[in-house]
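Visitor:
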Amino acid sequence: MSDDFLTSEQTENYGRYVAEPNEVQLARYFHLDERDLAFINQRRGKHNRLGIALQLTTARFLGTFLPDLLQIPSFIRFYIAAQLNISRPEILSRYAERDNTRWEHQGLIKLYYDYHDFGDFPWSFRLKRLLYTRAWLSNERPGLLFDFATAWLLQNKILLPAASTLTRLIGEVRERASRRLWRRLALLPDSWQKTQLDGLLEIPEGQRMSVLEEMRKGPVTISGPSFTDALERYTRLRSMEFSRLNFSGLPAIQLRNLARYAGMASVKYISRMPDERRLAVLTAFVKAQEISALDEAVDVLDMLILDITRSAKNIGQKKRLRTLKDLDRAALLLARACTLLLDENTDEAALRQAIFRRIPKDKLAESVGKVNELARPQDTHFQDEMVEQYGRVKRFLSAMLRDLHFQAAPAGEHTLSAIHYLAELSGSKKRILDDAPEQIISGPWKRLVYDRDGRILRAGYSLCLLERLQDSLRRRDLWLENSDRWGDPRQKLLQGAEWQAQRIPVCRALGHPSDGTKAAEQLATRLDDTWKSVASRFACNAAVSISNEGKHPSLTISSLDKLDEPPALIQLNRRVRELIPPVDLTELLLEIDARTGFTREFSHVSESGARAQDLQVSLCATLLAEACNIGHEPLIKHNIPALTRHRLSWVKQNYLRAETLVSANARLVDFQSTLPLAGYWGGGEVASADGMRFVTPVKTVNSGPNRKY
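Everything in the sequence shown is counted per my numbering, starting at 230 for the first residue and increasing by one.
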């Protein structure tokens, strides 16, 4: 690995005064106490006392001695001289006349204040051990490791070595940790699995891309075929049996980093790696991709069920609009009959004859039938239209039941039993089900699941199960092994001895009592007080009411009245629109970069400091392509080196990472806080995009609402 990760500016500032210390730093590093003064006053001559004092405070602040004390800012020289009652700091020039004096004083400072050289045992060994532990357990950039090492050396009074020595040490430690990870990963797969891994890099006959590139591509649309393709991708990865390998003892973040690297690097580059590294990279990729493929497949299933429900609702609403006239006609006819029924002057004995004189019997029967046909129960949610889409569901239901191995919490056992029952019927064409678990059939579904003879219809039962499955998955009553987003949340909790060891500090950090019974009592008391507080204001709150229509009471909260825009705001909007010039989006992005320099936060993945001419142009183009989801094609200009296809692809693979995006966004936010106008908009707790909805031209997996909100 390259150890050339420091910029020229960082190298120049290493062990040097960059700016004048602030008041806190002056008090901490440059204040001379009685012990310091006693040590300094042992020197003869004011210039010697000032020189050794500056060497001492510089060692405290920078962690090293400067070869020329005149490099120390004049403000610090005056500050130290004032504490030594020296009126003329210019006498420091006499201190530099004799080099031996400077070396002798450095030795005295190291001896009196217990400073150590970098090569002294055991300090360099301890630093190597700490750096190796962090490099093994985390994915910290070498720049962060450099800062950590510098801070540790300062804290432990170890004089800083040359910057090249420290960077070389960090590079060696990271290389050693990486090689250990590669070696352990390469030993996990057996010979058959190694053959499967090598096969990922091959291009099948008649295909244009390798198996690895196919495995990288996740689902992009919401449809039955897309779900079955996602399931097939998952089963291909699962068939390699990497989930049975023992990855314990290997840092998860390093595995994810290797897998992410395999997802970005070219197949040719991976194939040219040494055997050990290539096997390690591919092993981490298959391990992580199997989990990711399962999550993506279930994501598509969840959105597909939602799409089926939405389609059923749209069909039902359109159907209802078409039949409203028939329903109105029948309802009006029945209303006329009921008017006679409620008339107190009508003779009860001749009531039927009176009704049939007004309304023919066949017409009345037809109206009753029409109302029963068109009117919907209050608790219905377009289940009829969902059953009509059974043909669409059949295309992926058998694959789902076969390839997804669900597990259940106690609340999901009935749903799991129904899944196992339908899975056993895979391949059967039975339309009537015998002995099917009936606990999942809720009230609105009964009329669609049971026929007139009380038998269970397969179409209605399958759609009922699908709705129940989605609800159980979202509640985590059902979960999948080897899944991150749809797994058992209990497995992510501390268990047994680990929890007992962490229980007290965790509870203290969260402000909860360590006794569970006491914590539950406190929550119950807070809940009871809240209920009483709400109840005391309920009667006088006109915006809230209880509706007793239907089987269960429901809470009704009236919406807020719309506030009309004042004329001044309308005029301001018009003036602002007139003042904003029409600007091309690409030009706007480049101007923002010129003002904020956010593209400087994007570093090369290898931390080698690799830069290219007009890199900011390439970065802005790549960011625009990713943000607008338009790809690189509209932005490629072969006559502009910064916008060629190769340059944009290189930038995307090597510069766009989660940490660089976070860093660039932080710079934009920091710059935003310096604008006077931003201060009038509040403290920045709410973004201008919060709550906004965007219409996408094509229905895709990523076009839904953010799960975080």
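Here a beta-carbon is modelled for each residue, glycine too, at the ideal position from N, C-alpha and C.
If you follow the beta strand (DSSP E) that SER774 is part of, which residue opens it and which one closes it?
Guide: Per DSSP, SER774 belongs to the beta strand (DSSP E) from 773-776.
Visitor: Provide the residue span of the alpha helix (DSSP H) that contains SER521, from first to last.
Guide: Segment 504-571, the alpha helix (DSSP H) holding SER521.
Visitor: Using 7 Å as the threshold, is the C-beta distance between GLU519 and LEU466 below it?
Guide: Contact flag set, yes.
Visitor: Which class does LEU373 belong to by DSSP, given the choice of helix, strand or coil?
Guide: Of the three classes helix, strand and coil, the one that applies to LEU373 here is helix, per DSSP.
Visitor: Count the C-beta pairs between the region 243-260 and the region 295-307 that are closer than 8 Å, then say yes if the count reaches three, no if not.
Guide: Enough Cβ pairs lie closer than 8 Å, so yes.
Visitor: Can you check which of these residues, VAL515, LYS791, ARG273, LEU313, is closest to ARG462 by C-alpha distance?
Guide: Minimum Cα distance to ARG462 is reached at VAL515.
Visitor: Can you round the beta-carbon distance between THR552 and MET615 to whole angstroms, since I take them to be within the 8 Å contact cut?
Guide: Actually they do not touch by this definition, with Cβ atoms about 18 Å apart.
Visitor: I need the boundaries of the beta strand (DSSP E) containing SER783, first residue and last residue.
Guide: That run of the beta strand (DSSP E) goes 783-786.
Visitor: Just reading off the alpha helix (DSSP H) that PRO636 is part of, what are its end residues?
Guide: Going by the sequence as given, residue 636 is Gln instead of Pro. Segment 635-637 is the beta strand (DSSP E) holding GLN636; no alpha helix (DSSP H) there.
Visitor: CB SER596 to CB LEU562, shorter than 7 Å?
Guide: Yes, Cβ-Cβ distance for SER596 and LEU562 is below 7 Å.
Visitor: Where in the region 312-392 do unbroken runs of the alpha helix (DSSP H), each at least 4 residues long, occur, reported from the N-terminal end onward?
Guide: Counting whole runs of 4 or more residues, the region 312-392 contains the alpha helix (DSSP H) stretches 321-324, 328-341, 352-366, 371-384.
Visitor: THR828 and ASP822: beta carbons closer than 7 Å?
Guide: Result yes, Cβ atoms of THR828 and ASP822 sit closer than 7 Å.
Visitor: Just how far apart, CA to CA, sit PRO811 and SER787?
Guide: When rounded, the distance between both Cα atoms is 41 Å.
Visitor: CA-CA distance, PHE354 and ARG755?
Guide: If I take the Cα positions, the gap works out to 54 Å.
Visitor: Given a threshold of 16 other Cβ atoms within 10 Å of its Cβ, counted over all protein chains shown, does MET438 qualify as buried or as exposed?
Guide: The residue in question, MET438, is exposed, as its Cβ has fewer than 16 Cβ neighbours within 10 Å.
Visitor: Between which two residues does the alpha helix (DSSP H) carrying TRP728 extend?
Guide: Counting along the chain, the alpha helix (DSSP H) containing TRP728 begins and ends at 725-739.
Visitor: Leaving out five residues before and five after PRO390 in sequence, what residues of the same chain have Cβ atoms less than 6 Å from its Cβ?
Guide: Only PHE347 meet the Cβ criterion.
Visitor: Once DSSP output is grouped into helix, strand and coil, what is the label at TYR619?
Guide: If DSSP states are grouped into helix, strand and coil, TYR619 belongs with the helices.
Visitor: Would you say SER892 and GLU830 are within 7 Å of each other, going by their C-beta atoms?
Guide: Yes, these two residues count as a Cβ contact at 7 Å.
Visitor: Return the first residue and the last residue of the alpha helix (DSSP H) that LEU707 is part of.
Guide: From DSSP, LEU707 is part of no alpha helix (DSSP H) but of the beta strand (DSSP E) over 707-709.
Visitor: Closer than 7 Å by C-beta to ALA221: which residues in its own chain qualify, once you throw out the five before and the five after it? Chain order, please.
Guide: Since the first residue of the chain shown is 230 and the last is 938, residue 221 is not available in this structure.
Visitor: So within the region 427-512, which uninterrupted alpha helix (DSSP H) runs reach at least 4 residues, ignoring any that extend past its ends?
Guide: With a minimum length of 4 residues, the continuous alpha helix (DSSP H) runs that stay inside the region 427-512 are 440-445, 453-467, 481-493, 496-500.
Visitor: Using the Cα positions of GLU525 and HIS867, report the straight-line distance between them to the nearest angstrom.
Guide: For GLU525 and HIS867, the distance between alpha carbons rounds to 36 Å.
Visitor: Please name the residue, chosen from LEU383, PRO418, SER878, TRP708, that lies closest to SER472 on a Cα-to-Cα basis.
Guide: Ranking LEU383, PRO418, SER878, TRP708 by Cα distance to SER472 puts PRO418 first.
Visitor: Helix or strand or just coil, what does DSSP make of LEU662?
Guide: Of the three classes helix, strand and coil, the one that applies to LEU662 here is strand, per DSSP.
Visitor: Assign LEU279 to one of two classes, buried (16 or more other C-beta atoms within 10 Å of its C-beta) or exposed (fewer than that).
Guide: Buried, because 16 or more other Cβ atoms sit within 10 Å of the Cβ of LEU279.
Visitor: So is ARG824 in contact with chain D if we call contact Cβ pairs under 7 Å?
Guide: As a matter of chain content, chain D is missing from the structure shown, which is built from one protein chain.
Visitor: Using C-beta distances below 8 Å, list every residue in its chain close to GLN636, excluding the 5 sequence neighbours before and after it, in chain order.
Guide: So the qualifying residues of the chain are LEU645, LEU707, TRP708, LEU709, GLU710, ASP717.
Visitor: Who are the near neighbours of LEU395 in its chain, counting only those whose CB is closer than 7 Å to its CB and skipping five residues on each side?
Guide: If we look at LEU395 and ignore the five residues flanking it on each side, its Cβ neighbours are PHE375, ALA378.
Visitor: Does the Cβ-Cβ distance between VAL805 and SER847 come in under 7 Å?
Guide: Cβ atoms of VAL805 and SER847: not closer than 7 Å.
Visitor: Would you mind giving the Cβ-Cβ distance between LEU651 and SER691, rounded to the nearest angstrom? I have them listed as a contact below 8 Å.
Guide: About 7 Å; that satisfies the 8 Å criterion.
Visitor: Using the DSSP secondary-structure output, state which residues sit across from ILE859 in a beta bridge.
Guide: None, per the DSSP bridge assignment.
Visitor: For LEU487, which residues from the same chain have a beta carbon less than 6 Å from its beta carbon, with the 5 sequence-adjacent residues on both sides left out?
Guide: Excluding sequence neighbours, LEU487 sits near VAL510, ALA513.
Visitor: Just tell me which of GLU602, GLU431, ASP458, SER468 has its CA closest to the CA of GLY557.
Guide: Here residue 557 is Asp; the residue named in the question, Gly, does not match the sequence. Per the Cα distances, GLU602.
Visitor: Can you tell me whether LEU723 is buried or exposed, with buried defined as 16 or more other CB within 10 angstroms of its CB?
Guide: Under this definition LEU723 is an exposed residue.
Visitor: Give me the residue from LYS623, PRO673, SER420, TYR884 with the minimum Cα distance to LYS658.
Guide: With distances taken between Cα atoms, LYS658 lies closest to LYS623.
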